[in-house]
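Engineer: Each residue of the sequence shown is one higher than the last, beginning at 61 in the working numbering. Heads up, the beta-carbon is just placed ideally off N, CA and C, and yes, glycines get one too. Right, I'll just put the structure down here and ask away after.
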Amino acid sequence: MKRLDAEQSARLKGVLKNACIILAIGIIYYLFVKITHLGIPCVFNLITGLHCPGCGISRMFISLASLDFKSAFGYNAYIMVLGPIAAIFVLRHYLIYILKGKQKKDTLENVLLVIALILAITFGILRNIPAFSFLAP
């Protein structure tokens, strides 16, 4: 196995530092919500009364932390399905960044981002239609 050179090692440290910061913020938010039962409200929902594609994500992650996958899926099915796929692409992106430095986005990545956006909009519309109320958080 090849060792990382100095630049790769520095990029890895930067990525790990950012990941630790994001994880710490997530843990603090989780503890805050568990203790106070107060979460970040959805501004879109407050203004319109409709559920956006992201509504229920906080509750989904709290359910995941308790290993309650059924409830997590009920809060936001779109993110539950797309999340692992997105995680693979994010890890791939950071691995290439660590090993090679800057990278260009490839066509496949751009096409998949457009598809994910179209699916998010579709999910956001469907979860507000009474026939698809099971998609609401």
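#1: Among the candidates Phe183, Ala146, Leu155 and Lys160, whose CA atom is the shortest distance from the CA of Glu169?
#2: Rounded to whole angstroms, what's the CA-CA distance from Lys73 to Leu159? Just pull it up for me.
#3: Taking Cβ to Cβ, would you say Gly116 is nearer than 8 Å to Tyr135?
#4: Under the assumption that Ala180 contacts Pro101 (Cβ atoms under 8 Å), give the Cβ distance between them as a whole number of angstroms.
#5: Taking a contact to mean a Cβ-Cβ separation below 8 Å, would you say Val75 touches Ile122 in this structure?
#6: Counting only the same chain and skipping the five closest in sequence on each side, list residues whose C-beta sits under 8 Å from that of Arg71.
#7: Could you tell me the distance, in whole angstroms, from the CA atom of Gln163 to the CA atom of Gln68?
#8: Taking a contact to mean a Cβ-Cβ separation below 8 Å, would you say Ala125 touches Tyr89 in this structure?
#9: Using the three-state DSSP reduction, which class does Arg63 fall into: helix, strand or coil?
#10: Nearest to Gly184 by CA position, among Leu172, Phe104 and Ile82, is which residue?
#11: Does DSSP classify Ile189 as helix, strand or coil?
#12: Output yes or no for whether 8 Å exceeds the beta carbon distance between Leu186 and Ala137.
Structural biologist: Inspection of the coordinates gives the following:
#1: The shortest Cα separation from Glu169 among Phe183, Ala146, Leu155 and Lys160 belongs to Ala146.
#2: Spanning the two alpha carbons is a distance of roughly 12 Å.
#3: The answer is yes: Cβ separation under 8 Å.
#4: Contact between Ala180 and Pro101 does not hold, since their C-beta atoms are separated by about 20 Å, which reaches or exceeds 8 Å.
#5: Val75 places its beta carbon 8 Å or farther from that of Ile122.
#6: Closer than 8 Å at Cβ, skipping near neighbours: Tyr157, Ile158 and Gly161.
#7: The alpha-carbon atoms of Gln163 and Gln68 are separated by roughly 14 Å.
#8: Against a cut-off of 8 Å, the Cβ pair of Tyr89 and Ala125 comes out as no contact.
#9: When secondary structure is reduced to three states using DSSP, Arg63 falls in the coil class, being assigned neither helix nor strand.
#10: Minimum Cα distance to Gly184 is reached at Phe104.
#11: Of the three classes helix, strand and coil, the one that applies to Ile189 here is coil, per DSSP.
#12: With a cutoff of 8 Å on beta-carbon distance, Leu186 and Ala137 are scored as not near each other.
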